[in-house]
Amino acid sequence: MAKARQLTVYLAPAVVLVLAFFVFPLVFIAVMGFTRWSGLGAADFIGIQNYQYLYHDPAFITAVENTVIWALVGIFIHTPLCLLVALVLARRPYMWKLMRTLLFLPSVISTTILALLWYFMLDVNVGLINGVLAKIGLKSLTHAWLLDPSTALPSILVPFVVYIGFGMVLFLTQISTIPRELYEAAEIDGANVWQQDLRITIPAIRRAIALQALFVVGYVLKMFEYPFIMTDGGPVNKTMNLSLYIYNQMVTANAYGLAMAAGVVTVALGVVLMSLVLLVLRWLESL
Amino acid sequence: MTARTERTAAAARAARAARTARPPRPQPGVQAGRSAARVVKWLFLGALLVITIGPVLWLLLSSFKTEPELFGSPFGLPQKWSLQNFSGALDAQPLLDYFRNSVLVAVTSTAATIVVATMASYALLHKFRLNSTARLFLFFGLFVPVSAFITPIFYIVYHVGLYNTVWGIALVYSGITLPTAFLIIKTYMDTIPHEIIESAQIDGASFHGVFFRVVVPLTGPGLATAAIFLTIAAWNELLYANLLSENQSAQTLQVGIRNFLASYAANYPQAFAATVMAIAPTILAYAFLSNRVITGMTAGSLK
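Line by line, the protein sequences give chains A and B. According to the numbering used here, the first sequence holds residues -7 to 279 in order. According to the numbering used here, the second sequence holds residues 131 to 433 in order.
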């Protein structure tokens, strides 16, 4: 019938794009993850050898661990920071709109440039961080932040943690939908600001908090710029993560099959982490 | 004032309060004796602002300094405000090429994604058997980490002959941002009252007529929101732009700036000037349209 044809015409371009950029890649990496392939010529089927290699590659294990660390830092440090700022700004203190605008501003700057900026901030010689430390008499604390294996990972996590714009706005938008009467009633009952936030605001926006946790998981699985630019995964793979590992295997080592096996693990890890977030949300809803 | 108008006024006030619902400002009485909490609050916000905006200001100041000034007085103002670093950066690097490539990629991919996502959203306004399946199919990519797909996507772009072209990069952006664009546009389109569409159909408008004359105009604000999101995302992307380009005929600003700064021969103040030029368009757009941009970039998450 005519309507079916029209619907097909309107849906076709979107379906083709999703097939090409999501379905095909998913199938492709699932199949080709079992091969040895340099991108040229034929691929050799080698069974689970790529996965065995990954399992025994310390760089890959570190990459998985670090990706999980990023997710945990995102959920338990970055998200509470977003929430705290949103709770403060939701009470509309003096100049709250300006604060919101300024705190969101880094979100329109590319992660590439933020990463470069922090790379220079943490630089041993030009860096502002060491400059400030030297100036306030803490010269003993100056440090090659990105080169020391014990400080490299925390250093590249700093910009991720402090750029709270997105989560802050997400929470502010949700808070603005809470009926005001709830707060007035709580005030009459003598609840102070913190008690109101804890008993009214946070429970009311719990779904937004879970949503933010999902975004964080998606974001850290895709995270490429901070390790790529600030440390290139080093020192000795201490800051390696999954996206960078995949990129290095493909672009630097030409190990396409291995890169795709690592991609399969990344997708699987994403499914596991997101399911965990959703399970926790369901458990919280049932309380 | 009669009791009746008073009641109406109270109801209006309540309705207004509900609309602009928010936690009330703490009453002065509640605040009394809490100045310590207040100090902590402002210190916290102040420190956060210093950490987040401070580096950006440092970059801006550094872009006007000479190299000795940058090392000698990292906090001071530049001795003279000259544009020398900026013109130097333009001479040393093909920044204008990068700029042109970024504009082409952002405009093409945004336009294509919006057209495709709007058409799909319109199709899903109609009832048909596979409607919810199609919706799920177009949404599932929202949660997929696309960095896992660099090999197959490289393979596709290479084999359709678009490697090292801006069109290849734009095509990939159209694909990987489609689920988000679809989410934003569909969410907005679903708020159009169905009666409007039905009455247009009763008036004899065709399938295409309803789309072009009724649905697209009414979805305008949703399209603007999506366009802001997509343009900023395309402007700022690095991984695929880097993977799919190899020289200045296709490299975008992000790729160019990274190469520029990563090469140790870089003249730092000049590199900073180039960086300032790269972020200027988004910052300027933000300065004029901050509310729109904030809603645009978070719109995908509201539903």
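Glycine included, C-beta positions come from ideal geometry on N, C-alpha and C. All of these numbers come straight from a predicted model, not from anything done at the bench.
CB contact below 8 Å: residue i versus chain B
i: residue 17 of chain A; result: yes
i: residue 96 of chain A; result: yes
i: residue 131 of chain A; result: no
i: residue 110 of chain A; result: yes
i: residue 289 of chain A; result: The structure shown does not extend to residue 289 of chain A, since chain A is modelled only from -7 to 279, so the question has no answer here.
i: residue 277 of chain A; result: no
i: residue 222 of chain A; result: no
i: residue 128 of chain A; result: no
i: residue -2 of chain A; result: yes
i: residue 12 of chain A; result: yes
i: residue 37 of chain A; result: no
Per-residue burial, residue i [other beta carbons within 10 Å of its own, 16 or more giving buried]
i: residue 349 of chain B; result: buried
i: residue 219 of chain A; result: buried
i: residue 37 of chain A; result: exposed
i: residue 158 of chain B; result: With a pLDDT of 45 at residue 158 of chain B, under the threshold of 50, the modelled position of that residue is not reliable, and the figure given next carries that caveat. The residue in question, residue 158 of chain B, is exposed, as its Cβ has fewer than 16 Cβ neighbours within 10 Å.
i: residue 324 of chain B; result: exposed
i: residue 217 of chain A; result: buried
i: residue 367 of chain B; result: buried
i: residue 290 of chain B; result: exposed
i: residue 417 of chain B; result: exposed
i: residue 257 of chain B; result: exposed
i: residue -5 of chain A; result: exposed
i: residue 148 of chain B; result: Here residue 148 of chain B scores only 48 on pLDDT, less than 50, and its place in the model is too uncertain to base an answer on.
i: residue 68 of chain A; result: exposed
i: residue 400 of chain B; result: buried
i: residue 244 of chain A; result: exposed
i: residue 44 of chain A; result: exposed
Closer than 7 Å: residue i CB and nearest the ligand NAP heavy atom
i: residue 247 of chain B; result: Annotation note on the ligand NAP: not contained in the displayed structure, which lists no ligands.
Closer than 8 Å to chain A by CB, residue i
i: residue 175 of chain B; result: yes
i: residue 163 of chain B; result: In this predicted model, residue 163 of chain B has a pLDDT of only 48, less than 50, meaning its place in the structure is not dependable; the value taken from the coordinates is given anyway. No - not a single Cβ of chain A is within 8 Å of the one on residue 163 of chain B.
i: residue 147 of chain B; result: With a pLDDT of only 47 at residue 147 of chain B, under 50, the local geometry of the prediction cannot be trusted, and the value read off the model is given with reservation. Yes, contact with chain A.
i: residue 305 of chain B; result: yes
i: residue 349 of chain B; result: no
i: residue 388 of chain B; result: yes
i: residue 228 of chain B; result: no
i: residue 166 of chain B; result: no
i: residue 366 of chain B; result: yes
i: residue 334 of chain B; result: no
i: residue 219 of chain B; result: no
i: residue 178 of chain B; result: yes
i: residue 158 of chain B; result: Confidence at residue 158 of chain B is low in this model, with a pLDDT of 45, below 50, so its placement is unreliable and no value can be given for it.
i: residue 271 of chain B; result: yes
Residue i: first and last residue of the uninterrupted alpha helix (DSSP H) it sits in
i: residue 175 of chain A; result: 172 to 180
i: residue 332 of chain B; result: 324 to 332
i: residue 221 of chain B; result: 214 to 222
i: residue 265 of chain B; result: 261 to 269
i: residue 189 of chain A; result: It is not in any alpha helix (DSSP H) - residue 189 of chain A carries neither H nor E in the DSSP assignment.
i: residue 102 of chain A; result: Unbroken run through residue 102 of chain A: none, as it is neither H nor E.
i: residue 227 of chain B; result: 225 to 253
i: residue 122 of chain A; result: 120 to 127
i: residue 361 of chain B; result: 350 to 366
i: residue 210 of chain A; result: 198 to 214
i: residue 199 of chain B; result: 197 to 202
i: residue 165 of chain B; result: 165 to 192
i: residue 338 of chain B; result: 337 to 340
i: residue 338 of chain A; result: In the structure as shown, chain A starts at -7 and stops at 279, and residue 338 of chain A therefore has no counterpart that could be examined.
i: residue 252 of chain A; result: 248 to 278
i: residue 411 of chain B; result: 398 to 428
i: residue 236 of chain A; result: 234 to 239
Of the residues the options, the one placed nearest residue i, counting alpha carbons only
i: residue 88 of chain A; options: A/161, A/27, A/21, A/238; result: A/161
i: residue 52 of chain A; options: A/256, A/17, A/69; result: A/256
i: residue 171 of chain A; options: A/156, A/159, A/188, A/157; result: A/188
i: residue 153 of chain A; options: A/227, A/130, A/76; result: A/76
i: residue 378 of chain B; options: B/405, B/322, B/224, B/195; result: B/224
i: residue 277 of chain B; options: A/242, A/165, A/101; result: A/242
i: residue 265 of chain A; options: A/212, A/227, A/236; result: A/212
i: residue 41 of chain A; options: A/119, A/26, A/18, A/196; result: A/26
i: residue 191 of chain B; options: B/208, B/354, B/334; result: B/208
i: residue 165 of chain A; options: A/198, A/186, A/136; result: A/198
i: residue 6 of chain A; options: B/219, B/297, B/267; result: B/267
i: residue 383 of chain B; options: A/104, A/193, A/111; result: A/104
i: residue 410 of chain B; options: B/362, B/397, B/372, B/331; result: B/362
| query | Quick one: complete alpha helix (DSSP H) runs, 4+ long, within the stretch 135 to 160 of chain A? | reply | 144 to 154
| message | Give the list of continuous alpha helix (DSSP H) stretches no shorter than 4 residues that lie fully inside the stretch 288 to 320 of chain B. | response | 296 to 319
| message | Runs of 4 residues minimum, wholly inside the stretch 19 to 72 of chain A: which ones carry the alpha helix (DSSP H) assignment? | response | 41 to 48, 50 to 65
| query | Relative to chain D, which residues along the stretch 235 to 250 of chain A have a C-beta separation below 8 Å, given in chain order? | reply | Within the model displayed, chain D is absent; protein chains A and B are what it includes.
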